[in-house]
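Visitor: Before I ask anything, let me first share the structure, which is written out below as structure tokens.
In my numbering, the protein residues as written are 259 to 678.
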């Protein structure tokens, strides 16, 4: 029995020693003698078609109003929260309570500027005749579905002129602050109505005015907001409000905006916009890339892609310092042979098969290895790629790339793969 235990212990020790040795001295394999081949190919005949959709420019850190380089920013739209920022106890409908008396109320929006030379006047509107909170949607509203008809439906609230205020002894900031006491009646604070506001220029001018969006400052110090200063009266007998109040509390609450948006009308398209592979956020320009040759690319079964780089060469028509583009695999078959303008983008994509590329050295390179591997294993169809601008790009910048008909700077796909 003792000898059996001893041999068992020695056996375990020997296994541990072998395992430790393998950890310290990894096994090496000579892959050059394995039945694997590293192949490299450069593929062409890549089609690119540009299309246009209305620009949706929500989720930006700045809001614009006015004109700039043929872009017209018509109005700013805001949707306020029904629940106060400080406490869920207080809501907009709380002010239907007759024991509350509003001393003052403001809608405040921060202005992104360094100096205040000639103060500009702005106007504020609301929409009391729309019973549902469907005035606008930050991710879907644009100049084609929020037109002059929708703008004219706004009812005037007040005007104000931009002003400066001291943050501390060394810092000055700027804002517009609209008086909105009249909003706090049943037409705005009732739970069945909407909480949308619209900001416009009082007089048209050729300048661009920039405001802080709700996305700019997550501390909410500069976020657009409703601010309410009020008193709460407490009566000895709550059933008899005719009695003299015994207690007055002075309170402050605010209501942050939950959505905000600039409605922008883009300029007319140029010939370059429609004749090249073009990407531009402010003009709503996107492109589709088709690589039909992938369907007939004869590669051995179980091929594994080590590298797949799609390269587009920029047309040197503008000075692009920074521009980022998304390339995402399409879900749907798209029959598009020439430029077209659409009311909305219905080209759905596989959100997990994406690549981001930035313009560098007059070209952009996308790593599409995952797309090629998935397509080769027939997990997705070879329906092409959709290219569109990153949300952080300059709205008024377009990038043009050469298409397949250029003599040398046409799109190229470089692949490197291992085949058994």
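Glycine is no exception: its CB is placed at the ideal position from the N, C-alpha and C atoms. The model shown is predicted, which means the values in this text are computed figures rather than measured ones.
Taking only three categories from DSSP, how would you classify residue 621?
Guide: In the structure shown, residue 621 sits in a strand (DSSP, three-state: E or B).
Visitor: How should residue 618 be labelled, buried or exposed, when 16 other C-beta atoms within 10 angstroms of its C-beta is the threshold for buried?
Guide: Residue 618 is exposed by the Cβ-count criterion.
Visitor: Are the Cβ atoms of residue 469 and residue 368 separated by less than 8 Å?
Guide: Against a cut-off of 8 Å, the Cβ pair of residue 368 and residue 469 comes out as a contact.
Visitor: Which runs of the beta strand (DSSP E) at least 3 residues long sit entirely within the segment 406-489? Give them in chain order.
Guide: If we require 3 residues or more, the beta strand (DSSP E) runs fully inside the segment 406-489 come out as 413-419, 421-424, 430-437, 454-459 and 466-470.
Visitor: Rounded to the nearest angstrom, how far is the Cβ of residue 487 from that of residue 350, given a contact under 8 Å?
Guide: Not confirmed; about 15 Å, so no contact.
Visitor: Who are the near neighbours of residue 423 in its chain, counting only those whose CB is closer than 8 Å to its CB and skipping five residues on each side?
Guide: So the qualifying residues of the chain are 430, 431, 432 and 433.
Visitor: Once the 5 residues before and after residue 626 are set aside, which same chain residues still bring their CB inside 6 Å of it?
Guide: Excluding positions up to five away in sequence, the list reads 566, 568 and 613.
Visitor: Can at least three beta-carbon pairs, one atom from the segment 306-324 and one from the segment 652-672, be found at a separation below 8 Å?
Guide: In short, these stretches touch, since the Cβ pair count reaches three.
Visitor: Is the Cβ-Cβ distance between residue 250 and residue 413 less than 8 Å?
Guide: With the chain represented from 259 up to 678, any question about residue 250 goes unanswered, as that position is not in the structure.
Visitor: Quick check: the segment 627-645 against the segment 545-558, are there 3 or more CB pairs under 8 Å?
Guide: Touching, per the Cβ criterion.
Visitor: Over the uninterrupted beta strand (DSSP E) stretch that includes residue 672, give me the two end residues.
Guide: Unbroken beta strand (DSSP E) run through residue 672: 670-677.
Visitor: Is the segment 312-328 in contact with the segment 397-414, if contact means three or more CB pairs nearer than 8 Å?
Guide: Output reads yes: the segment 397-414 touches the segment 312-328.
Visitor: Use the C-beta contact count for residue 665: other C-beta atoms within 10 angstroms, 16 or more gives buried, fewer gives exposed.
Guide: Exposed.
Visitor: Specify, as a first and last residue, the run of the beta strand (DSSP E) that residue 546 falls within.
Guide: First-last of the beta strand (DSSP E) with residue 546: 543-548.
Visitor: In angstroms, rounded to a whole number, what distance separates the CA positions of residue 345 and residue 441?
Guide: About 20 Å.
Visitor: Measuring CA to CA, which of 515, 598, 633 and 533 is closest to residue 589?
Guide: Here the closest residue by C-alpha is 633.
Visitor: Looking only at its own chain, which residues have a Cβ that is under 8 Å from the Cβ of residue 578, when we skip the five neighbours before and after it?
Guide: Around residue 578: 572, 617, 655 and 657.
Visitor: Which of helix, strand or coil does DSSP assign to residue 518?
Guide: If DSSP states are grouped into helix, strand and coil, residue 518 belongs with the strands.
Visitor: Return the CA-CA distance between residue 419 and residue 586, expressed in angstroms with no decimal places.
Guide: Taking the straight line from one Cα to the other gives about 45 Å.
Visitor: Helix, strand or coil: which one does DSSP assign to residue 575?
Guide: Of the three classes helix, strand and coil, the one that applies to residue 575 here is coil, per DSSP.
Visitor: Rounded to whole angstroms, what is the Cα-Cα separation between residue 291 and residue 676?
Guide: Confidence is the limiting factor: at residue 291 the pLDDT is only 44, short of 50, which leaves the residue's position unreliable and the question unanswerable from this model.
Visitor: In whole angstroms, what separates the C-alpha of residue 480 from that of residue 472?
Guide: In a straight line, the C-alpha of residue 480 is about 8 Å away from that of residue 472.
Visitor: Apart from the five residues just before and just after residue 553, which ones in its own chain have a Cβ nearer than 8 Å to its Cβ?
Guide: Same-chain partners within the cutoff: 640.
Visitor: Leaving out five residues before and five after residue 513 in sequence, what residues of the same chain have Cβ atoms less than 7 Å from its Cβ?
Guide: The residues are 338, 339, 342, 343, 350, 483 and 484.
Visitor: Verify whether the separation of the beta carbon atoms of residue 611 and residue 628 is less than 8 Å.
Guide: Yes, the pair counts as a contact, with Cβ atoms nearer than the cut-off.
Visitor: Residue 471: beta carbon under 7 Å from a heavy atom of the ligand SAM?
Guide: Within the structure as shown, the ligand SAM is missing, as the structure has no ligands at all.
Visitor: With which residues is residue 508 paired in a DSSP beta bridge?
Guide: In DSSP, residue 508 forms a bridge with 489.
Visitor: For residue 515, I'd like the list of residues in its chain whose CB is within less than 8 Å of its CB, leaving aside the five on either flank, ordered along the chain.
Guide: Within the same chain, residue 515 has close Cβ partners 336, 337, 338, 339, 472, 481, 482 and 483.
Visitor: With residue 627 as the anchor, note down where its alpha helix (DSSP H) starts and where it stops.
Guide: Segment 627-634, the alpha helix (DSSP H) holding residue 627.
Visitor: State the Cα-Cα distance for the pair residue 347 and residue 334, rounded to the nearest angstrom.
Guide: Computed Cα separation, rounded: 29 Å.
Visitor: Which residues does DSSP pair with residue 538 in a beta bridge?
Guide: Answer is 543 and 656, bridged to residue 538.
Visitor: Let me know the secondary structure DSSP gives residue 287 once reduced to three states.
Guide: Since pLDDT at residue 287 reaches only 37, below the 50 mark, its modelled position is unreliable, and the value read off the structure follows with that caveat. Reduced to three states, the DSSP call for residue 287 is coil.
Visitor: Does the beta-carbon of residue 561 have 16 or more other beta-carbons within 10 angstroms, so that it is buried, or is it exposed?
Guide: Buried, because 16 or more other Cβ atoms sit within 10 Å of the Cβ of residue 561.
Visitor: Does any residue of chain D bring its CB to less than 8 Å from the CB of residue 594?
Guide: The structure shown contains no chain D, having only a single protein chain.
Visitor: Give every residue of the same chain whose Cβ lies closer than 6 Å to the Cβ of residue 402, excluding the five residues on either side of it in the sequence, and list them in chain order.
Guide: The residues are 312.
Visitor: Between the Cα of residue 448 and those of 510, 416 and 353, spot the shortest distance and give me the residue it belongs to.
Guide: Measuring from the Cα of residue 448, the nearest candidate turns out to be 353.
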